[in-house]
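Asker: Please read through the structure below; I'll follow up with questions.
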Amino acid sequence: MITLNLKRENFWLDLISGVRVHVRPASTALVMAARVEALKAEAEPALRSTALIKRLAQLAIVEWDGVGGEDGKPLPVTPEGVLALMDLWPIAEAFERLYLGPALFLEQEKNG
């Protein structure tokens, strides 16, 4: 049985100790928009996954805690900042696992 989250509210994800992101729900529209852009951007299949995660993060992240600049001051969420954050492997891996993972699990259940 699939449990539906009918509220569809933004929620927090703890990515690593001290870093968390406030994200929009992984809706079909959001994931498909990121997928289409990733397919356009990257010709090599190996790079499409990276492009998908980065674009999905740009579309999903609306706020964050624990992300600062070189001066130690908190940074605002920007598309460039999200890309820089996703360039850090532990962050990108945690985002993929925690944000996209549940959606992929549902896709497997549906096709299983």
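Just so you know, the sequence shown maps onto residues 117 to 228 in my numbering.
The beta carbon of each residue, even a glycine, is placed where N, CA and C say it ideally should be.
At which residue ranges does the stretch 130 to 173 contain complete alpha helix (DSSP H) runs of 4 or more residues, listed in the order of the chain?
Answerer: DSSP runs (the alpha helix (DSSP H)) wholly in the stretch 130 to 173: 144 to 157.
Asker: So, are the CB atoms of Ala167 and Met202 less than 7 Å apart?
Answerer: On the sequence shown, residue 167 is found 51 positions in, with the first residue counted as 1. On the sequence shown, residue 202 is found 86 positions in, with the first residue counted as 1. Not a contact, by the Cβ cut-off of 7 Å.
Asker: Under DSSP, the beta strand (DSSP E) around Glu212 begins and ends at which residues?
Answerer: Walking along the sequence shown from the start, residue 212 turns up at place 96. Looking at the DSSP string, Glu212 is not in any beta strand (DSSP E), and its letter there is neither H nor E.
Asker: Nearest CA to the CA of Arg140: which residue from Glu179, Leu191, Met148?
Answerer: Counted from its first residue, the sequence shown places residue 140 at position 24. Among Glu179, Leu191, Met148, the Cα nearest to that of Arg140 is on Glu179.
Asker: When we look at the beta-carbon of Phe127 and count the other beta-carbons within 10 Å, is it buried (16 or more) or exposed?
Answerer: Looking up residue 127 in the sequence shown gives position 11. The residue in question, Phe127, is exposed, as its Cβ has fewer than 16 Cβ neighbours within 10 Å.
Asker: Kindly indicate which three-state DSSP category Glu186 falls into: helix, strand or coil?
Answerer: By 1-based counting over the sequence shown, the position of residue 186 is 70. The answer is coil: DSSP assigns Glu186 none of H, G, I, E or B.
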